[in-house]
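Report on the following structure.
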Amino acid sequence: VRLHETTPVTGLERRGGAWRVRTAAGEVSARRVVLCTSAARPALLPALARATLPVHTHILVTQPLGARLRDAVRAPYAVYDDRMATGYFRPLAEGRLLWGGRVDALGPPPGLAERMRRDLAFVFPQLADVRIERVWSGAMGFARHRMPVVRPLEDDLWVAIGFGGHGLNTTTLAGELVATALVEGDERWRLLAPFALPWNGGPLGPLAAQGFYLAYRLRDAVASRRAARAAARQEGRTRAWAD
Numbered sequence: 002v003r004l005h006e007t008t009p010v011t012g013l014e015r016r017g018g019a020w021r022v023r024t025a026a027g028e029v030s031a032r033r034v035v036l037c038t039s040a041a042r043p044a045l046l047p048a049l050a051r052a053t054l055p056v057h058t059h060i061l062v063t064q065p066l067g068a069r070l071r072d073a074v075r076a077p078y079a080v081y082d083d084r085m086a087t088g089y090f091r092p093l094a095e096g097r098l099l100w101g102g103r104v105d106a107l108g109p110p111p112g113l114a115e116r117m118r119r120d121l122a123f124v125f126p127q128l129a130d131v132r133i134e135r136v137w138s139g140a141m142g143f144a145r146h147r148m149p150v151v152r153p154l155e156d157d158l159w160v161a162i163g164f165g166g167h168g169l170n171t172t173t174l175a176g177e178l179v180a181t182a183l184v185e186g187d188e189r190w191r192l193l194a195p196f197a198l199p200w201n202g203g204p205l206g207p208l209a210a211q212g213f214y215l216a217y218r219l220r221d222a223v224a225s226r227r228a229a230r231a232a233a234r235q236e237g238r239t240r241a242w243a244d
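Numbering-wise (the numbering used here), the sequence shown opens with residue 2 and increments by one.
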């Protein structure tokens with residue numbers, strides 16, 4: 002197998018009995034093609050452009066924190082919460098902390114580093130003044146049903162897209178389903194057949210998705226405050242009982 006990384010594909014067309022995959026430097030002829038481009042733009046097929054929505058999430062990495070990191074995070078594990086726009090963190094080598102979260106369908110917002118710092122400080126107020134060494138964003142591919150799309154579009158043309166931020170585990174599964182379908186005629190991919198390529202709303206799709214996530218963010222914030230008040234009341238009752 003020869004891998005050609007950092008080689009953007011600019012076009013795809015059926016020519017005779019093969020697919021022609023165009024790049025800036027030349028063309029490749031392939032009997033079979035599997036598109037795993039997900040949130041990449043421009044989409045190679047109109048059906049993918051109509052059905053996939055790039056949604057951004059963001060990550061920061063702090064300066065080395067030394068003992069401050071050990072005081073704040075006492076276990077060397079990755080941790081995430083159960084909000085819709087999940088927050089997550091994990092200690093890194095050299096004593097840095099990785100913090101990720103937020104969801105933006107309209108692209109990275111202005112002042113991203115400071116927004117992410119505030120999110121970090123909400124959970125770890127003792128780290129509110131740390132220096133942020135790097136902040137970046139990544140685009141995740143979402144379909145309207147928020148499920149992966151793994152299926153043939155036509156003869157010898159497959160897609161495996163729309164993993165919605167869960168690609169680390171489900172892309173491996175999708176790869177096995179597509180490989181065994183092509184090589185062995187395995188039809189387990191049909192378990193995902195109900196999840197096709199519905200229209201994502203066109204130009205209004207990102208606005209609808211942003212409103213959806215803002216509503217869930219508000220719901221999560223309200224639930225968090227209620228939980229904090231309940232915990233404070235319980236702590237007060239416990240102290241009264243102890244006294």
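For every residue, glycine included, the Cβ atom is placed at its ideal position computed from N, Cα and C.
In whole angstroms, what is the alpha-carbon distance linking residue i and residue j?
| i | j | result |
| --- | --- | --- |
| A144 | M85 | 16 Å |
| G139 | G96 | 24 Å |
| V223 | R23 | 50 Å |
| L70 | P92 | 8 Å |
| L154 | A161 | 10 Å |
| A68 | H57 | 32 Å |
| D1 | R135 | Because the chain is modelled from 2 through 244, residue 1 falls outside the range shown and cannot be assessed. |
| A26 | T11 | 10 Å |
| P207 | N201 | 9 Å |
| E115 | G108 | 16 Å |
| Y89 | A48 | 33 Å |
| W1 | Y214 | For the chain, the structure presents residues 2 to 244; residue 1 sits outside this window and is missing. |
| S225 | R103 | 16 Å |
| A194 | E188 | 10 Å |
| V34 | L158 | 5 Å |
| R147 | V62 | 28 Å |
| P149 | G186 | 20 Å |
| A182 | C37 | 16 Å |
| R238 | R227 | 17 Å |
| R218 | A31 | 45 Å |
| L4 | A231 | 55 Å |
| E28 | L46 | 17 Å |
| L66 | A50 | 43 Å |
| G163 | G203 | 16 Å |
| G168 | T87 | 15 Å |
Any idea if residue i is buried or exposed, counting beta-carbon neighbours within 10 angstroms, 16 or more meaning buried?
| i | result |
| --- | --- |
| G142 | buried |
| R118 | buried |
| D156 | exposed |
| T53 | buried |
| R152 | buried |
| P55 | buried |
| R75 | exposed |
| T8 | exposed |
| L198 | buried |
| G18 | exposed |
| D72 | exposed |
| D105 | buried |
| G101 | buried |
| P111 | exposed |
| H59 | buried |
| V184 | exposed |
| V179 | buried |
| L98 | buried |
| G212 | exposed |
| G165 | buried |
| A94 | exposed |
Locate the beta strand (DSSP E) running through residue i, then write down its first and last residues.
| i | result |
| --- | --- |
| R3 | Where R3 is concerned, there is no enclosing beta strand (DSSP E), given that its DSSP letter is neither H nor E. |
| R91 | Y89 to P92 |
| R202 | Checking the displayed sequence, the identity of residue 202 turns out to be Gly instead of Arg. G202 -> no beta strand (DSSP E), and no H or E assigned at all. |
| S30 | G27 to A31 |
| L36 | V34 to L36 |
| L13 | V10 to R16 |
| R21 | A19 to T24 |
What residue range is occupied by the uninterrupted alpha helix (DSSP H) comprising residue i?
| i | result |
| --- | --- |
| G168 | G168 to E185 |
Going by the C-beta, is residue i closer than 8 Å to any heavy atom of the ligand SAM?
| i | result |
| --- | --- |
| A26 | The ligand content of the structure shown is nil, which means the ligand SAM is not present either. |
Problem - Contact the segment 73-82 vs the segment 34-44: 3+ CB pairs below 8 Å - result: No, the segment 73-82 is not in contact with the segment 34-44.
Practice task
Please list the segments of the alpha helix (DSSP H) lying wholly inside the segment 102-176, counting only runs of 4 or more residues, in order along the chain.
Solution key: 113-124
Practice task
Could you tell me whether the segment 109-127 touches the segment 174-187, using the rule of 3 or more Cβ pairs below 8 Å?
Solution key: no
Problem - Residue ranges of each alpha helix (DSSP H) within the segment 44-89, 4 or longer - result: As far as the segment 44-89 is concerned, its whole alpha helix (DSSP H) runs of at least 4 residues are 47-52 and 68-73.
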